[in-house]
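Asks: Okay, here's the structure, questions in a sec.
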Amino acid sequence: AGRESSSLSFLKETGVELKDGKAWRKWIDLDEGERTKIISALTKLLITKGFGSSLSLRLVGEVYELNKEEVGTELRDAKEYSTLLNSTARYGHEDVGLEICMGDRGEYLEKAKSLLKNHRRNIVKGIKFVKQEGIQEYGMLQYFNAGGHIKDTVVGIIAGIILHSRHTKSDNPIIGFADKDDGDVKASARTIAPLVNRGIDLSKAMQKAAGQLGGTGGGHDIAAGAVIPRGTEYEFLEMLDREIRNQLT
């Protein structure tokens, strides 16, 4: 949620040394016992906050490392590498990501790191905005309209994070709206796997609902997006809610 002081307090309570001299320690600097302490504390926190064991299981998973990249950098972990590349394209700097893929480890890598920091700041700001404004409900859906407060290129990421927080009902799909620079509105939808297993396909639902308004939509069953004319958000929710209900019958 962007509360750095709370995060530091939590880590201090685990008993793990946070600094090596004046330098902050990274996850890769911790031994197995220290990592276990932090994971156990996070698991306990999630359960006490009512998130259940399913979310706790996501704390541990497979990690793919690129062995020729420097340890501790954004390029060593394949997932972090993809996040770095993602942050370049989301802000109109695809050329930076391409140069990194072609081997640049100097000027363009530094530009990408700067874009990544900005990307993460925007996500934190977006989450804070949604929590302050609150989540609205429409039928089977829950939604927020960020207007120009959140970039349309990251509204889907924020919707996904909010869906898995205690501020929403995880068994209802969430829709996030954000204004685009060209005058239209970006709608991003996210849901959970159990609802997909019951028959929900956000890609088809978003495509149909947006199409009725002269917009476009598509994506995946669990995560999809659409572009619709500004001012039609409420109509879009009505049509999307109808499509979702039809899928479940």
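Counting from 1 along the sequence shown, just add 1318 to a position and that's the residue number in my numbering. Backbone N, C-alpha and C define an ideal beta-carbon position, used for all residues, glycine too. The structure displayed is predicted, hence computed values, not measured ones.
By how many angstroms is the C-alpha of residue 1411 removed from the C-alpha of residue 1369?
Replies: Locating residue 1369 in the sequence shown gives position 51, counting from the first residue. Locating residue 1411 in the sequence shown gives position 93, counting from the first residue. Distance between the alpha carbons of residue 1369 and residue 1411: 37 Å.
Asks: Do residue 1540 and residue 1509 have their C-beta atoms within less than 8 Å of each other?
Replies: Position 222 of the sequence shown, counted from the start, is the residue given in the question as residue 1540. Position 191 of the sequence shown, counted from the start, is the residue given in the question as residue 1509. Closer than 8 Å, so yes.
Asks: What does residue 1373 pair with, by DSSP beta-bridge criteria?
Replies: Along the sequence shown, read from residue 1 onward, the residue named residue 1373 stands at position 55. The partner list for residue 1373 (beta bridge, DSSP) is empty, contrary to what the question assumes.
Asks: What does DSSP give as the partner residues of residue 1454 in its beta bridges?
Replies: Reading the sequence shown from its first residue, position 136 is the one you call residue 1454. Per DSSP, 1461.
Asks: Taking the continuous beta strand (DSSP E) assigned at residue 1424, which residues delimit it?
Replies: In the sequence shown, counting from the first residue as 1, residue 1424 sits at position 106. First-last for residue 1424: undefined, no H or E at that position.
Asks: Going by the beta-carbon positions, is the gap between residue 1441 and residue 1485 smaller than 8 Å?
Replies: Start at 1 with the first residue of the sequence shown, and residue 1441 comes out as number 123. Start at 1 with the first residue of the sequence shown, and residue 1485 comes out as number 167. Cβ distance not < 8 Å, so residue 1441 and residue 1485 don't count as in contact.
Asks: Counting only runs of 4+ residues fully inside the stretch 1358 to 1410, write out the alpha helix (DSSP H) ranges in chain order.
Replies: The stretch 1358 to 1410 contains these whole alpha helix (DSSP H) runs: 1371 to 1374 and 1396 to 1407.
Asks: Starting from residue 1466, trace the alpha helix (DSSP H) both ways and give me its first and last residue.
Replies: Working through the sequence shown from its first residue, we reach residue 1466 at position 148. Note, residue 1466: premise wrong, no alpha helix (DSSP H); not H, not E.
Asks: Name the DSSP bridge partner or partners of residue 1503?
Replies: Translated into the one-based positions of the sequence shown, residue 1503 becomes position 185. Answer by DSSP bridge pairing, in chain order: 1497 and 1546.
Asks: Given a cut-off of 8 Å on the beta-carbon distance, is the pair residue 1558 and residue 1523 in contact?
Replies: Residue numbering aside, residue 1558 sits at position 240 when the sequence shown is read from its first letter. Residue numbering aside, residue 1523 sits at position 205 when the sequence shown is read from its first letter. Yes, they are a contact pair.
Asks: Does the distance from the C-beta atom of residue 1561 to that of residue 1495 stay below 8 Å?
Replies: Reading the sequence shown from its first residue, position 243 is the one you call residue 1561. Reading the sequence shown from its first residue, position 177 is the one you call residue 1495. Not closer than 8 Å, so no.
Asks: Find the nearest neighbour of residue 1355 within the set 1342, 1331 and 1341, judged by alpha-carbon distance.
Replies: Against the sequence shown, residue 1355 aligns to sequence position 37. Checking every option, the nearest Cα to that of residue 1355 belongs to 1331.
Asks: So if DSSP puts residue 1338 in a beta bridge, which residue, or which two residues, is it bridged to?
Replies: Taking the first residue of the sequence shown as 1, we reach residue 1338 at position 20. 1341.
Asks: Measuring alpha carbon to alpha carbon, tell me which of 1384, 1390 and 1358 ends up nearest residue 1375.
Replies: Translated into positions along the sequence shown, residue 1375 becomes position 57. The shortest C-alpha separation from residue 1375 is found at 1358.
Asks: In whole angstroms, what separates the C-alpha of residue 1426 from that of residue 1406?
Replies: Numbered from its first residue, the sequence shown carries residue 1426 at position 108. Numbered from its first residue, the sequence shown carries residue 1406 at position 88. Rounded to whole angstroms, residue 1426 to residue 1406 spans 10 Å at the Cα level.
Asks: Counting only beta-carbon separations shorter than 8 Å, does residue 1558 have a partner in chain D?
Replies: Of the protein chains in this structure there is only one, and it is not chain D.
Asks: Could you tell me whether the Cβ atoms of residue 1536 and residue 1525 are closer together than 8 Å?
Replies: Here residue 1536 refers to the residue found at position 218 of the sequence shown. Here residue 1525 refers to the residue found at position 207 of the sequence shown. Against a cut-off of 8 Å, the Cβ pair of residue 1525 and residue 1536 comes out as a contact.
Asks: So the alpha helix (DSSP H) residue 1474 belongs to, where does it begin and stop?
Replies: The sequence position of residue 1474 within the sequence shown is 156, counting from 1. Its alpha helix (DSSP H) spans residues 1473 to 1481.
Asks: If I'm right that residue 1364 touches residue 1373 with Cβ under 8 Å, what's the distance once you round it to whole angstroms?
Replies: The residue you call residue 1364 lines up with position 46 of the sequence shown. The residue you call residue 1373 lines up with position 55 of the sequence shown. Indeed, because the Cβ distance is near 6 Å, the residues count as touching under 8 Å.
Asks: Alpha carbon to alpha carbon, how far is residue 1388 from residue 1402?
Replies: For the purposes of this step, residue 1388 is taken as residue 70 along the sequence shown, with counting starting at 1. For the purposes of this step, residue 1402 is taken as residue 84 along the sequence shown, with counting starting at 1. Whole-angstrom Cα-Cα distance: 15 Å.
Asks: Kindly indicate the opening and closing residues of the alpha helix (DSSP H) around residue 1529.
Replies: As a first step, residue 1529 must be located in the sequence shown, where it is residue number 211. It spans 1520 to 1529 - the alpha helix (DSSP H) in which residue 1529 sits, taken as one unbroken run.
Asks: Using C-beta distances below 6 Å, list every residue in its chain close to residue 1530, excluding the 5 sequence neighbours before and after it, in chain order.
Replies: Here residue 1530 refers to the residue found at position 212 of the sequence shown. These residues qualify, in order along the chain: 1557.
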